[in-house]
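Read in order, the letters of the sequence shown are residues -20 to -1, 1 to 206 in mature numbering (1 follows the signal peptide of the UniProt record, and there is no 0).
The C-beta atom is built at its ideal place from N, Cα and C for all residues, glycine as well.
Since this is a predicted model, take the numbers as computed values, not measurements.
Input: a single structure, listed below in structure tokens.
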Amino acid sequence: MPIVLAFLLVVAAACQPAASASSSAPASSLALPAPAPAPVPDASGHGSRRAAQAEAEAAEFVRASCGRTLYPRLCYAGLAPYAASVRSSHARLALASANLTLAALDALAARIPSPSPGSGSGSGALSDCADAVASAEDQAARAAERLGGVEQAVGGRPELLWRVDDALTWLSAAMTYEDSCADSLGPRKSAPAPVRAELRARVRRAKQFTSISLALVNILVSNPRS
């Protein structure tokens, strides 16, 4: 099912490297709940205070979890808008991070130019990068699918652990494919300098999101039900 529009807008901003043209990223196959609407306060104001406290606690949960990644600021910027839906669930947070990874890869794939006739080795390099990114997208989508079933798992801890293990395996594979794309952009003849610069920036951003996902999924090993 497509990700809600609000999620795409947040991801598009987070995935946009500095000084590069913006592009719309295709939606992930797994959706997060939409951010929760603000509750109507009661006459005493207690409802609004409780809601504010819950919102602050959810935001702090995301911040603390992101603090355990290598890129805490990027992690928090991407996931904070969904704190109210994630609440204190490590499973939902891991799923959200996997969707961010997939969206970053979608944005990267959309910016790889089609090879032009007669471009020689440059054509091959761009094709290699595109193939690697497509494979990374497939691995990230598989990881998101596995994580999407963590909260509803009925097979007990064994099922939870194999879901987490599969997600870690596929996210690691996605990062390997991201490295392959970056390697193909190394030679100067692979693409014009401005194109190489933008694609490298987007590869770095995708790798950062993948690293964040790996860190947050690892937390599930000790917190599979939360």
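**Message:** In the DSSP assignment, the alpha helix (DSSP H) including residue 136 goes from what residue to what residue?
**Reply:** 136 to 164
**Asked** How many whole angstroms separate the CB atoms of residue 40 and residue 82, which I take to be in contact at a CB cut-off of 8 Å?
**Response** No, residue 40 and residue 82 are not in contact; Cβ-Cβ is about 26 Å, not under 8 Å.
**Message:** Going by DSSP in three states, residue 174 sits in which element: helix, strand or coil?
**Reply:** Collapsing the DSSP output to three states places residue 174 in a helix.
**Message:** As a quick exercise: from 197, 188 and 203, pick the residue whose alpha carbon is nearest that of residue 51.
**Reply:** 188
**Message:** Taking the straight line between their C-alpha atoms, what separation do you get for residue 108 and residue 164?
**Reply:** Taking the straight line from one Cα to the other gives about 7 Å.
**Asked** Going by alpha carbons, who is nearest to residue 85 out of 53, 133, 196 and 181?
**Response** 181
**Prompt:** Taking C-beta to C-beta, are residue 194 and residue 160 nearer than 8 Å?
**Reply:** No.
**Asked** Which two residues bound the contiguous alpha helix (DSSP H) that contains residue 79?
**Response** 70 to 91
**Beta-carbon proximity check, residue 66 vs residue 144, cutoff 8 Å** = no
**Message:** In the DSSP assignment, the alpha helix (DSSP H) including residue 58 goes from what residue to what residue?
**Reply:** Residues 52 to 59.
**Prompt:** Rounded to whole angstroms, how far is the Cβ of residue 63 from the Cβ of residue 38, which I believe are closer than 8 Å?
**Reply:** 4 Å
**Message:** Can you tell me whether residue 49 is buried or exposed? The criterion is at least 16 other CB atoms within 10 Å of its CB, across all chains shown.
**Reply:** buried
**Message:** Are the CB atoms of residue 167 and residue 105 within a distance shorter than 8 Å?
**Reply:** yes
**Nearest residue (CA-CA) to residue 138, options 202, 154 and 33** = 202
**Item:** Extent of the continuous alpha helix (DSSP H) to which residue 201 belongs
**Value:** Unbroken run through residue 201: none, as it is neither H nor E.
**Request:** Can you say whether residue 174 is buried or exposed, counting buried as having 16 or more other CB atoms within 10 angstroms of its CB?
**Result:** exposed
**Request:** Taking the CB atoms as reference points, tell me whether residue 148 and residue 78 lie closer together than 8 Å.
**Result:** No, the pair does not count as a contact, with Cβ atoms beyond the cut-off.
**Request:** Using 10 angstroms around the beta-carbon of residue 154, count the other beta-carbons present and answer buried if the total reaches 16, otherwise exposed.
**Result:** buried
**Message:** Quick check: what's the CA-CA separation for residue 130 versus residue 71?
**Reply:** 6 Å
**Item:** Residue span of the alpha helix (DSSP H) that contains residue 66, given as start and end
**Value:** 63 to 66
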